[in-house]
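Residues in the sequence shown are numbered consecutively from 30, following this note's numbering.
Glycine is no exception: its CB is placed at the ideal position from the N, C-alpha and C atoms.
Model, not experiment: these values are computed from the prediction.
Structure record follows, encoded as structure tokens.
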Amino acid sequence: MAETTLGRGAFQIAVPREKEISLARRILRSKEAYLILVPTFVLVLTFNYYPAGSALFHSVFEWNGANIQRFIGLGNFIAMVNDPTLMGSVANLVKLALFALAVNLTFPLLAGALIFHLRDLRLAYFYRVLFVIPLVVPGMVVLGIWRSIYAPQIGLINQMLRGLDMASAARPWLGDFNLALYAVMFIGFPWVAGMSTLIYLAGFQAIPTELLDAAAIDGAGAWNRFWRVEIPLVMSQIKLIVILTVIGALQNFATIMVMTNGGPGVVTMVPGLWLYRNAMYYNKMGYACAIGTALFIITLTLTYLNTRYLKSSVEFIGA
């Protein structure tokens, strides 16, 4: 067995050094833990990695979901560029993603800051619980409520307009070519999402008290402390919210499907819903796989850029 020498000068002690253990031996030592994880690995491989790999493979084929007709290489990806519906849906996706980013970087951030600065701890706890409650409400229930709010005849908005003698302003909000996309954006008003607010609140609570006290001693006002001390120290949370918002916008089609199904016409179509239609309605599974692959590459690229170029709270502290 190899030995390691500790100490200086004449006072040195030879300590036996353990032989490096191979990976296989380490796995055998912890075999019970790995056996417990086997079902999880099987499920992840079956329902996450296999479908992703299958989509990547079939994206270069003309495939109807049952039989592969022929290999077409980049044909599906070229068809995407020449697909006016897909290009229009990408434009809608950009609008929805930018709006979601603007909303999630302001309203939940301000709500989290306000709760953090509440002096009454019981009141702060009450608001934390209040923001958790929406998280347990099924999303379809929320969308159903908003559909009823937008209903042309009995919807809350049009009923209020008629009650205010403004019946001429009433609209079929989800059926208007010019307003449907903006009506979808308005869903969730006042946009103080429970999860985003709680993430920001956790970031504010992790700020060292010494830094806030030092800023106060230096004479910094509340506004300066917020912008110059608190915001830089919740940059890790801001980075997380940015990428979660972008990924959510890229993957989400349930909201559009339930509220407008891409209509009227295709004015509210998004890539995820167009992928679904090509796969389930038109049997163009290869083309749908190509759309999914493109969305995956975009998601991966944006995640890398977010991680690479947006500073974290630790980097601000180090600076």
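Collapsing the DSSP output to three states places Phe90 in a strand.
Nearest to Gly321 by C-alpha distance, out of Met109, Pro261, Ile101, Ile65, is Met109. Below 8 Å, enough C-beta pairs join the region 205-224 and the region 133-146 to call them touching: three or more. Judged by DSSP in its simplified three-state form, Arg148 adopts coil rather than helix or strand. By the Cβ rule, the region 260-279 counts as touching the region 225-244, because three or more pairs are nearer than 8 Å. With contacts defined as CB atoms closer than 9 Å, Met314 and His146 fail to qualify as a contacting pair. Glu91 and Arg99 have their alpha carbons spaced roughly 5 Å apart.
Under a 10 Å Cβ-count criterion, Val123 is classified as exposed, with fewer than 16 other Cβ atoms of the shown protein chains found around its own Cβ. Ile186: member of the alpha helix (DSSP H) spanning 185-192, first to last residue. Residue range 97-100 is occupied by the beta strand (DSSP E) that includes Arg99. Shown here, Trp202 sits in coil according to DSSP, grouped into three states, outside any helix or strand. Per DSSP, the unbroken alpha helix (DSSP H) holding Leu273 starts and ends at 264-280. Between Val287 and Met214, the C-beta spacing is not below 9 Å. Our two residues, Leu152 and Gly277, have alpha carbons roughly 31 Å apart in a direct line. Ala244 and Gly104 have their C-alpha atoms spaced approximately 59 Å apart.
Around the Cβ of Arg58, a 10 Å sphere holds fewer than 16 other Cβ atoms; the residue is exposed. Between the region 295-308 and the region 69-84 there are fewer than three C-beta pairs closer than 8 Å, too few to call the two in contact.
Bounds of the alpha helix (DSSP H) holding Gln234 are 223-234. Here Asn111 carries a coil assignment [DSSP, helix/strand/coil]. Beyond the five residues adjoining it in sequence on each side, Val299 comes within less than 8 Å, by CB distance, of Ser118, Asn121, Leu122, Leu125, Asn281, Phe282, Ile285, Gly291 in the same chain, given in chain order. Bounds of the alpha helix (DSSP H) holding Pro300 are 300-309.
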